[in-house]
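Numbering follows my numbering, with no gaps: position 262 of the sequence shown is 262.
Idealized CB from N, CA, C, for every residue including glycine.
Report on one structure; see the data block that follows.
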Amino acid sequence: MDWDSSGSTTVTLGILRQVADENPHLGIVVVGGKGRLAVRVPEELPRRAERLGVSSSKVEEALLASRLAAKTDNVLLQDGYQLYHHTLIMSEDGLWAIVQQGMNVEVKLARRYHWLGPRTSTVEPHSGIASVRREQAVLDLTSKRSIGARNVILDLVRQEPRKTVKEVFEAYRLLKGIIPITSWLTGEKSDHAKRDVIVKVYKPQARPPRHLEPILRKLYEISPRNIEELLLVEGVGPAVLRSLALVSELIYGAEVSHKDPVTSPLDPFRYAYIVGGKDGVPFKFDPKLAEQVVKFLEDVIERARIGDRERLHVLRRLRRLLAPPKT
1 MDWDSSGSTT
11 VTLGILRQVA
21 DENPHLGIVV
31 VGGKGRLAVR
41 VPEELPRRAE
51 RLGVSSSKVE
61 EALLASRLAA
71 KTDNVLLQDG
81 YQLYHHTLIM
91 SEDGLWAIVQ
101 QGMNVEVKLA
111 RRYHWLGPRT
121 STVEPHSGIA
131 SVRREQAVLD
141 LTSKRSIGAR
151 NVILDLVRQE
161 PRKTVKEVFE
171 AYRLLKGIIP
181 ITSWLTGEKS
191 DHAKRDVIVK
201 VYKPQARPPR
211 HLEPILRKLY
221 EISPRNIEEL
231 LLVEGVGPAV
241 LRSLALVSEL
251 IYGAEVSHKD
261 PVTSPLDPFR
271 YAYIVGGKDG
281 VPFKFDPKLA
291 EQVVKFLEDV
301 IERARIGDRE
311 RLHVLRRLRR
321 LLAPPKT
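Have a look at this one:
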């Protein structure tokens, strides 16, 4: 593995999928993956889960979670990273976990999104988001701080579509400075900082997306009861949600979180410090050392099973000593 490789996620999960396929006695199924494999979850999961005896209701719950996770991390959370990897792991008792990865092509960095069942809420749904850096301007409608804006968005799609389109036009005029944005913002110092974030997040255009009105008409007819229902309507993508969030923030004054929800550092270089990297950084990969590490970890797991408390206590102390300093 290269020290800076996004493959630390994709390759690891690919190996896990292969091992699960070849060893059904392990009691887990792994579906999805990178690229085309990611969209095959709905056809793969029912067939494979049936072999483990997982009930159809548990499978349906996991499939719903899969769809919501994919839409949430692409639409409700717009952080500049485009999803290209989606893996769902399910155990024989119906528990599931979802791991997704996105790529920021401008800076050539990846970040990983973790979901852990059975919770399927789209309000702060992640068990963790791992990234090497924190972005300064994001649109985060998963944050509890954005709940008011989520409610405004639901109101917007339930009102007459032409009125909503008109409000989107007005918000875009504000954003582009045709109407001074200072008529909305207060406090001179915070004006500039907040305006910069708002402009970067909402990406000013000459006009709203062309497909906005047809989608709004569809949503008006459906009248979604919650954000999850809205999210799963075909055609509702990043541009539509961005336009609605803009109206809720600029026109109605609802709070929208622009803070990056990343929780953990993603630094594959740490693995290279243990066994080396194939590119020779910080030293050439050492297969014998890698084998010793694997055997050591197997020994730890085995001792945990038989209850070797003294050794586990030492390992916990060692982990605390090796933990990176808090920033």
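Inter-residue Cα distance where the pair is residue i and residue j
i: glycine 307; j: leucine 52; result: 29 Å
i: threonine 12; j: glutamine 18; result: 10 Å
i: methionine 103; j: histidine 258; result: 19 Å
i: threonine 10; j: valine 138; result: 25 Å
i: isoleucine 153; j: methionine 90; result: 33 Å
i: valine 105; j: threonine 87; result: 21 Å
i: valine 99; j: histidine 114; result: 5 Å
i: alanine 65; j: tyrosine 202; result: 27 Å
i: proline 161; j: proline 24; result: 51 Å
i: aspartate 286; j: leucine 297; result: 17 Å
i: asparagine 74; j: isoleucine 251; result: 24 Å
i: valine 199; j: tyrosine 81; result: 18 Å
i: serine 223; j: glutamate 249; result: 21 Å
i: glycine 276; j: arginine 119; result: 38 Å
i: alanine 110; j: glycine 128; result: 14 Å
i: phenylalanine 169; j: arginine 207; result: 7 Å
i: lysine 108; j: phenylalanine 283; result: 24 Å
i: valine 197; j: arginine 133; result: 17 Å
i: tyrosine 220; j: arginine 36; result: 33 Å
i: glycine 14; j: arginine 316; result: 29 Å
i: lysine 194; j: serine 57; result: 46 Å
i: arginine 305; j: threonine 164; result: 59 Å
i: glutamate 22; j: leucine 16; result: 10 Å
i: valine 41; j: threonine 72; result: 17 Å
i: glutamate 188; j: aspartate 279; result: Note that glutamate 188 scores a pLDDT of 48, beneath 50, so its modelled location is shaky; the value from the coordinates is reported in the next line. Rounded to whole angstroms, glutamate 188 to aspartate 279 spans 51 Å at the Cα level.
i: serine 281; j: arginine 67; result: This sequence places valine at residue 281; serine is not what is there. Those two C-alpha atoms are separated by around 39 Å.
i: asparagine 226; j: aspartate 155; result: 10 Å
Proximity below 8 Å, CB of residue i to CB of residue j
i: arginine 112; j: alanine 130; result: yes
i: proline 209; j: alanine 239; result: yes
i: lysine 218; j: glycine 237; result: no
i: valine 29; j: alanine 20; result: yes
i: leucine 216; j: valine 256; result: no
i: glutamate 167; j: threonine 142; result: no
i: leucine 45; j: leucine 26; result: no
i: histidine 85; j: lysine 144; result: no
i: valine 54; j: glycine 7; result: no
i: proline 261; j: aspartate 140; result: yes
i: serine 243; j: leucine 212; result: yes
i: alanine 149; j: alanine 49; result: no
i: leucine 116; j: leucine 241; result: no
i: isoleucine 274; j: valine 300; result: no
i: glutamate 43; j: aspartate 79; result: no
Proximity winner among the options, relative to residue i (alpha-carbon distances)
i: glutamate 92; options: Ile222, Val59, Leu219; result: Val59
i: tyrosine 172; options: Val247, Ala20, Gly80; result: Val247
i: arginine 334; options: Ala38, Leu37, Val31, Gly35; result: Since the first residue shown for the chain is 1 and the last is 327, residue 334 is missing from the structure and cannot be characterised.
i: leucine 232; options: Ala69, Arg150, Arg133; result: Ala69
i: leucine 230; options: Arg303, Thr122, Lys34; result: Thr122
i: asparagine 151; options: Glu228, Arg40, Arg316; result: Glu228
i: serine 146; options: Lys278, Ala245, Glu221, Arg309; result: Ala245
i: threonine 263; options: His126, Glu61, Glu291; result: His126
Assigned secondary structure, residue i (DSSP; H/G/I helix, E/B strand, else coil)
i: valine 54; result: coil
i: glutamine 292; result: helix
i: serine 8; result: helix
i: serine 257; result: strand
i: histidine 211; result: coil
i: serine 248; result: helix
i: glutamine 82; result: strand
i: threonine 122; result: coil
i: leucine 232; result: coil
i: leucine 77; result: strand
i: glutamate 188; result: Any reading at glutamate 188 must be qualified, since the residue scores a pLDDT of 48, below 50, and its modelled position is unreliable; no value is offered.
i: leucine 156; result: helix
i: leucine 297; result: helix
i: leucine 68; result: helix
Those residues which DSSP pairs with residue i across a bridge
i: serine 264; result: Ala130
i: arginine 111; result: Gly102, Ser131
i: lysine 284; result: Gly277
i: valine 31; result: Leu88
i: alanine 97; result: Ile89, Leu116
i: leucine 37; result: Per DSSP, none; premise fails for leucine 37.
Any non-hydrogen atom of the ligand GTP within 7 Å of residue i CB
i: lysine 108; result: This structure does not include the ligand GTP; it has no bound ligands of any sort.
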